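Oh and the sequence shown: position 20 is 20 in this note's numbering, straight run, nothing missing. Below: one structure, written as structure tokens.
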Amino acid sequence: MSHSERSDGIGSTVTERRWRAGASGGLVAGAAMGAVLHFGLGLMPTIGALVGVETVLVGWAVHLFNSALFGALFVAVFDRPFFAELRGDVGGCLSLGVVHSALLGVLTGGLLLPAAIAIEGATALPVPTLPVPGLTASFEFGAVIAVAHLLYGLVLGRVFAAFTLAEGAIGWLPIDPLDQ
């Protein structure tokens with residue numbers, strides 16, 4: 001077994017554990033981000049509308065599903081030797097999470113969201129998507145989206161560290177991080 005494929009003692013490899021940590025971290029981070037989007041802007045029905053069902057429940061389901069996928073994408077992108085040093089401590093995991101989330105914000109806001117809106121036949125979201133100077137609602141929307149993405153990245157990085165680093169363990173969280 002290679003270094004990245006050694007067993008963690010319960011039958012899974014380090015690589016498998018990282019994939020689970022990424023998806024789980026994405027799910028937890030998605031819940032935190034979703035709370036900001038839901039309570040800050042009431043966006044969950046709008047997210048549901050992107051798949052044709054404009055309800056809070058469907059919006060949450062879509063958002064959490066995507067959050068878990070984006071958590072797995074975090075591992076696909078950053079589980080490379082080039083990033084090994086950053087993945088080796090909590091601060092580095094937080095940094096990678098924030099970079100990942102910022103890139104997701106650009107990708108989803110600049111490509112995926114407009115494509116989903118076009119597929120659904122809508123011409124625009126019910127709220128402005130880019131802050132325009134002088135428009136308070138636009139600024140507030142942009143600020144809440146930015147905070148939500150920052151929170152996603154921080155939570156993703158922290159949960160990933162908790163599941164993969166011995167020094168990243170969280171005392172009250174009943175997991176046994178793999179000793180790196």
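Don't be surprised by glycine CBs; every beta carbon is placed ideally from N, CA and C. What you are looking at is a predicted structure, and each value in this text was computed from that prediction instead of being measured.
**Report entry** Beta-carbon proximity list for Ile47, same chain, < 6 angstroms, skipping 5 on both sides
**Finding:** Closer than 6 angstroms at Cβ, skipping near neighbours: Gly59, Val62, His63.
Requested in this report: Check Thr13 in the structure and name its three-state DSSP category.
Outcome: In this structure, Thr13 counts as strand in the three-state DSSP scheme.
Report task. Entirely within the stretch 65-118 and at least 4 residues each: give me those alpha helix (DSSP H) ranges in chain order. Result -> The stretch 65-118 contains these whole alpha helix (DSSP H) runs: 84-87, 90-107.
**Report entry** Rounded C-alpha distance that separates Val36 from Ala29
**Finding:** One Cα belongs to Val36, the other to Ala29, and the distance between them is close to 11 angstroms.
Query raised in the report: At which residues does the alpha helix (DSSP H) containing Gly52 begin and terminate?
Result: Premise fails: Gly52 is in no alpha helix (DSSP H) and is neither H nor E.
**Report entry** For Leu165, the three-state DSSP class (helix, strand or coil)
**Finding:** In the structure shown, Leu165 sits in coil (DSSP, three-state: anything other than H, G, I, E or B).
Requested in this report: Starting from the Cα of Leu107, find the closest Cα among Arg87, Ala84, Leu165, His149 and give me that residue.
Outcome: For Leu107, the nearest C-alpha among the options comes from His149.
Query raised in the report: Would you call the stretch 153-166 and the stretch 13-31 touching, i.e. three or more CB-CB distances under 8 angstroms?
Result: Output reads yes: the stretch 13-31 touches the stretch 153-166.
Query raised in the report: Just the Cα atoms here: how many angstroms apart are Phe74 and Gly22?
Result: Between Phe74 and Gly22, the C-alpha separation is close to 6 angstroms.
Report task. Give me the Cα-Cα distance between Leu41 and Gly105, rounded to the nearest whole angstrom. Result -> Leu41 and Gly105: Cα-Cα distance of roughly 16 angstroms.
**Report entry** Three-state class that DSSP yields for Leu150 in the structure shown
**Finding:** In this structure, Leu150 counts as helix in the three-state DSSP scheme.
Requested in this report: Please report how far the alpha carbon of Glu85 lies from the alpha carbon of Ala143, in whole angstroms.
Outcome: Annotation: Glu85 to Ala143 spans about 32 angstroms, alpha carbon to alpha carbon.
Requested in this report: Please name the residue, chosen from Gly71, Thr164, Phe141, that lies closest to Gly109 on a Cα-to-Cα basis.
Outcome: Among Gly71, Thr164, Phe141, the Cα nearest to that of Gly109 belongs to Phe141.
**Report entry** Three-way DSSP call (helix, strand, coil) for Leu37 in this model
**Finding:** In the structure shown, Leu37 falls within a helical segment according to DSSP collapsed to helix, strand and coil.
Requested in this report: Measure the C-alpha to C-alpha separation of Glu16 and Gly34 and round it to an integer number of angstroms.
Outcome: Rounded to whole angstroms, the gap between the alpha carbons of Glu16 and Gly34 is 26 angstroms.
Query raised in the report: Would DSSP call Leu27 helix, strand or coil?
Result: Residue state, collapsed to three classes: helix.
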